[in-house]
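Q:
2 protein chains.
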Amino acid sequence: MRMAELSAESGVPVATVKYYLREGLLPAGERTSPNQARYSAAHVQRLKLIRALTDVGGLSLASVGAVLAAIDGDETPYEVMGVVQHELAGDLPDVPEDPSDEAFELLAAALRRHGWHELKRGPAVQDMIATMVTVRELGHDRLLDQLEAYVRLALSVAEADMETVKGLGSVDRIIEAGVVGTVLGDRLFAGLRHLAQEMLSRELLSARPS
Amino acid sequence: MRMAELSAESGVPVATVKYYLREGLLPAGERTSPNQARYSAAHVQRLKLIRALTDVGGLSLASVGAVLAAIDGDETPYEVMGVVQHELAGDLPDVPEDPSDEAFELLAAALRRHGWHELKRGPAVQDMIATMVTVRELGHDRLLDQLEAYVRLALSVAEADMETVKGLGSVDRIIEAGVVGTVLGDRLFAGLRHLAQEMLSRELLSARPS
Numbered sequence: 004m005r006m007a008e009l010s011a012e013s014g015v016p017v018a019t020v021k022y023y024l025r026e027g028l029l030p031a032g033e034r035t036s037p038n039q040a041r042y043s044a045a046h047v048q049r050l051k052l053i054r055a056l057t058d059v060g061g062l063s064l065a066s067v068g069a070v071l072a073a074i075d076g077d078e079t080p081y082e083v084m085g086v087v088q089h090e091l092a093g094d095l096p097d098v099p100e101d102p103s104d105e106a107f108e109l110l111a112a113a114l115r116r117h118g119w120h121e122l123k124r125g126p127a128v129q130d131m132i133a134t135m136v137t138v139r140e141l142g143h144d145r146l147l148d149q150l151e152a153y154v155r156l157a158l159s160v161a162e163a164d165m166e167t168v169k170g171l172g173s174v175d176r177i178i179e180a181g182v183v184g185t186v187l188g189d190r191l192f193a194g195l196r197h198l199a200q201e202m203l204s205r206e207l208l209s210a211r212p213s
Numbered sequence: 004m005r006m007a008e009l010s011a012e013s014g015v016p017v018a019t020v021k022y023y024l025r026e027g028l029l030p031a032g033e034r035t036s037p038n039q040a041r042y043s044a045a046h047v048q049r050l051k052l053i054r055a056l057t058d059v060g061g062l063s064l065a066s067v068g069a070v071l072a073a074i075d076g077d078e079t080p081y082e083v084m085g086v087v088q089h090e091l092a093g094d095l096p097d098v099p100e101d102p103s104d105e106a107f108e109l110l111a112a113a114l115r116r117h118g119w120h121e122l123k124r125g126p127a128v129q130d131m132i133a134t135m136v137t138v139r140e141l142g143h144d145r146l147l148d149q150l151e152a153y154v155r156l157a158l159s160v161a162e163a164d165m166e167t168v169k170g171l172g173s174v175d176r177i178i179e180a181g182v183v184g185t186v187l188g189d190r191l192f193a194g195l196r197h198l199a200q201e202m203l204s205r206e207l208l209s210a211r212p213s
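Here the protein sequences come in this chain order: A and B.
In short: position in the first sequence from 1, add 3, done, that's the numbering used here.
In short: position in the second sequence from 1, add 3, done, that's the numbering used here.
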C-alpha cells in the first residue's frame, strides 16, 4: 500500500508516519520509484504498536525506540521484557544505602516465602526498593505490611499473564504479546484495582467528620 | 523550624521549597518577621509527600497540585481518591464510539460476576476502555480473555489495600494513606508483577529460534 493508505489504515497522520520513518521507529517501505514506497500490513501493525505504547502506555518516543530495537534485534523474549520493564521504570530517584538494604531484605524474604530464591538488583527491583523506602519515609509502613499478600497476588496475576502468550505460533508474536501485555496490562490492572478500591471503600471512606 | 532546617529535614533544596511555596503546593509558614517564617513537622511531611508523588509516583507538579487541593479541601476520602485516579489516568486518547461500547459491556459483565453491579463511566473506566480497545486493535485479544481473572485478583489486591487504611486515627491520615497507597501502591504492585513474570517466564521465553 502507498503512504496515504498506510495512514488511513493505521489512523496515524501522514506527517507523523514520516516522522517515525525519519526517527527509525518504522522500517522504510519497499522503494518503487525515487519518490514512492510501498508499505505492508507489518507497517500498519508497527504503527498501531507505537501509538499504543505512547498514547495508552505513556512511554516516551525514546523509550518506544529502545523497545522496538529490542523487538527487532536478536534478544530473547525474556531479554526484550527486561528492556520494557527498564523503560517503564523510568528515571529512579537515588536510593540511600542503608534503608535500601533493609527494603531489599524485606522484599527478598517475602519472595522467598513464595519460592523465588534468587533476587537480583535489576531495574524492577531497584524501582520497588525506591518505592518501599519512600513509603517508609512517609510513615505509611502499613502498606509494606501487605507486601506478602501483594507478592502472592502478583504471582497469580503473572500466571494469568502467561496464559496470554502460551501457544502463540511465532516468537515475534510472543514478543509483541509480551510487550503489549506488560505495558497495557499494567494499566488495565491498575484501573481494575482502582475500581475495586472504589467498590470496597465507598462506605468506609464516605464520611468526613467536620 | 526555619527554612534551612525544613530543607535539611525534608531533603528538598531551599530553592525548590521556595518554588513550592510560590506555586501554593506548600502552605506558607507562620511569619515571625518580615523576612522569616517558622515551619512545622506538617511542612516536612508535605514536602516528602510532594517528592514521593513526583519522583516515585511520576505525577506532574500540576497533578500533585490538584491532589493536594483535594486533600486540603472538604472532599471525602472517597472523592479525593477519585481526583488521584483522574490524575494518574492522564490524558486519554479518544475512544471510538462503537468498539468502546463493546469493551464497556465486556468489562461490566466481568465485574457483575464479582458482585459489582453499577459500573459508571468515570475516569478509571474510560481509561480501561481505551486500553481494552487498543489491545483489541492490536489483535492481542487473549489479554482480554484473562479479564475475569484480572477482576478477581484486583478485588483481592484492593482488599489488602483496605487493610492499610482501616483503623487509622484521623481522616487526614486515612486520606494521605489512600493517596500514597494508590500512587506508590500501583508502582509497587507493577514491580512485583514484573518480577513474577520474570520468574515464570525465564524458561518459557528464553529460547529464540534463529
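The C-beta atom is built at its ideal place from N, Cα and C for all residues, glycine as well.
Going by the CB atoms, is the gap between Leu146 of chain A and Gly184 of chain B shorter than 7 angstroms?
A: Going by C-beta atoms, Gly184 of chain B is nearer than 7 angstroms to Leu146 of chain A.
Q: Check the Cβ of Gly166 of chain A against every Cβ in chain B and list those closer than 9 angstroms, keeping chain order.
A: It should be pointed out that residue 166 of chain A corresponds to Glu in this sequence rather than to Gly. Going along chain B in sequence order, the residues near Glu166 of chain A (Cβ under 9 angstroms) are Arg145, Asp148, Gln149, Ala152.
Q: Report yes or no: do three or more beta-carbon pairs, one from the segment 184-198 of chain B and one from the segment 122-138 of chain A, lie closer than 8 angstroms?
A: Verdict: yes, contact present.
Q: Pull up the DSSP beta-bridge partners for Gln39 of chain B, would you.
A: Answer is B:Ser36, bridged to Gln39 of chain B.
Q: Strictly under 7 angstroms for the Cβ-Cβ distance: is Arg49 of chain B near chain A by that measure?
A: False, the Cβ-Cβ gap to chain A never drops below 7 angstroms.
Q: Round the Cβ separation of Ser10 of chain B and Val20 of chain B to the nearest angstrom and send it over; I've been treating them as touching at under 8 angstroms.
A: That pair is a contact at about 6 angstroms.
Q: Between Leu28 of chain A and chain B, is there a C-beta pair that is closer than 7 angstroms?
A: For Leu28 of chain A, the answer is no, since every Cβ of chain B falls outside 7 angstroms of its Cβ.
Q: CA-CA distance, Val182 of chain B and Val87 of chain B?
A: Distance between the alpha carbons of Val182 of chain B and Val87 of chain B is about 7 angstroms.
Q: What residue from A:Gln129, A:Tyr22, A:Val15 has the CA that sits closest to Asp104 of chain A's CA?
A: Closest by alpha carbon: A:Gln129.
Q: For chain B, find out if any of its Cβ atoms is closer than 7 angstroms to the Cβ of His46 of chain A; answer yes or no.
A: Not an interface residue.
Q: Could you list which residues in chain A have their beta carbon closer than 8 angstroms to that of Asp130 of chain B, in chain order?
A: Near Asp130 of chain B (Cβ distances below 8 angstroms), the residues of chain A are Arg190, Gly194.
Q: Could you pull out every residue in the same chain whose Cβ sits closer than 8 angstroms to the Cβ of His117 of chain B, ignoring the five residues on either side in sequence?
A: Taken in chain order, the residues that qualify are Val154, Arg155, Leu158.
Q: Could you have a look at Met4 of chain A and say whether DSSP puts it in helix, strand or coil?
A: If DSSP states are grouped into helix, strand and coil, Met4 of chain A belongs with coil.
Q: Can you list, in chain order, the residues of its chain whose CB lies under 7 angstroms from that of Leu24 of chain B, leaving out five sequence neighbours each side?
A: Once the five neighbours on either side are set aside, the close Cβ partners of Leu24 of chain B are Ala31.
Q: Is there at least one Cβ from chain B nearer than 7 angstroms to His89 of chain A's Cβ?
A: Judged by the 7 angstroms Cβ criterion, His89 of chain A is not in contact with chain B.
Q: According to the neighbour-count rule (16 or more other Cβ atoms, all chains shown, within 10 Å of its Cβ), is Ala193 of chain A buried or exposed?
A: By the 10 Å Cβ count, Ala193 of chain A comes out buried.
Q: Within 10 angstroms of its Cβ, does Asp186 of chain A collect 16 or more other Cβ (buried), or is it exposed?
A: Rather than Asp, the amino acid found at residue 186 of chain A in this sequence is Val. Buried.
Q: With 7 angstroms set as the bound, which would you pick, yes or no: does the beta-carbon of Ser159 of chain B sit closer than that to a beta-carbon of chain A?
A: Closer than 7 angstroms: yes.
Q: Put His89 of chain B into one of helix, strand or coil per three-state DSSP.
A: Three-state DSSP puts His89 of chain B in a helix.
Q: Please confirm whether Met84 of chain A and Tyr42 of chain A have their CB atoms less than 7 angstroms apart.
A: Not a contact, by the Cβ cut-off of 7 angstroms.
Q: Using the beta-carbon count (16 or more within 10 Å), is Asp144 of chain A buried or exposed?
A: By the neighbour-count rule (16 or more Cβ atoms within 10 Å), Asp144 of chain A is not buried but exposed.
Q: Give me the chain A residues within the contact set of Tyr23 of chain B, using Cβ-Cβ distance strictly less than 7 angstroms, ordered along the chain.
A: Those within 7 angstroms of Tyr23 of chain B in chain A number zero; the least Cβ separation is about 16 angstroms.
Q: Go ahead and pull the three-state DSSP assignment for Pro30 of chain A.
A: Residue state, collapsed to three classes: coil.
Q: Hey, does Val70 of chain A have any beta-carbon neighbour from chain B nearer than 7 angstroms?
A: No, Val70 of chain A does not count as interfacial toward chain B.
Q: Count the other CB atoms within 10 Å of the CB of Ala73 of chain A; is the residue buried (16 or more) or exposed (fewer)?
A: Its Cβ being crowded by 16 or more others within 10 Å, Ala73 of chain A is buried.
Q: Thinking C-beta only, is Leu29 of chain A closer than 7 angstroms to Gly49 of chain A?
A: The sequence shown places Arg at residue 49 of chain A, not Gly. Cβ distance < 7 angstroms, so Arg49 of chain A and Leu29 of chain A count as in contact.
Q: In terms of residues, what are the limits of the alpha helix (DSSP H) holding Glu121 of chain B?
A: No alpha helix (DSSP H) contains Glu121 of chain B, which DSSP labels as neither H nor E.
Q: Can you grab the Cα-Cα spacing for the pair Ala180 of chain A / Gln149 of chain B, in whole Å?
A: Distance between the alpha carbons of Ala180 of chain A and Gln149 of chain B: 13 angstroms.
Q: With a cut-off of 7 angstroms, does the C-beta of Leu109 of chain B fall near any C-beta of chain A?
A: It does not: the Cβ of Leu109 of chain B has no partner Cβ on chain A nearer than 7 angstroms.
Q: Within 10 angstroms of its Cβ, does Gly170 of chain B collect 16 or more other Cβ (buried), or is it exposed?
A: So Gly170 of chain B counts as exposed.
Q: Quick one, which of A:Ala112, A:Asp77, A:Val160, A:Phe107 has its alpha-carbon nearest Arg1 of chain A's?
A: This structure cannot settle anything about residue 1 of chain A, because the visible part of chain A is limited to 4 through 213.
Q: Buried or exposed: Ser213 of chain B, going by 16 or more other Cβ atoms within 10 Å of its Cβ?
A: Because the pLDDT at Ser213 of chain B is just 44, under 50, the model does not fix this residue reliably, and the point stays unresolved.
Q: Pick from A:Glu33, A:Leu191, A:Met165, A:Ser13: whose alpha carbon is nearest that of Pro80 of chain A?
A: It is A:Met165 whose Cα lies nearest to the Cα of Pro80 of chain A.
Q: According to DSSP, simplified to helix, strand and coil, what is Lys51 of chain A?
A: Lys51 of chain A: helix per DSSP, three-state reduction.
Q: Does DSSP classify Lys169 of chain A as helix, strand or coil?
A: Reduced to three states, the DSSP call for Lys169 of chain A is coil.
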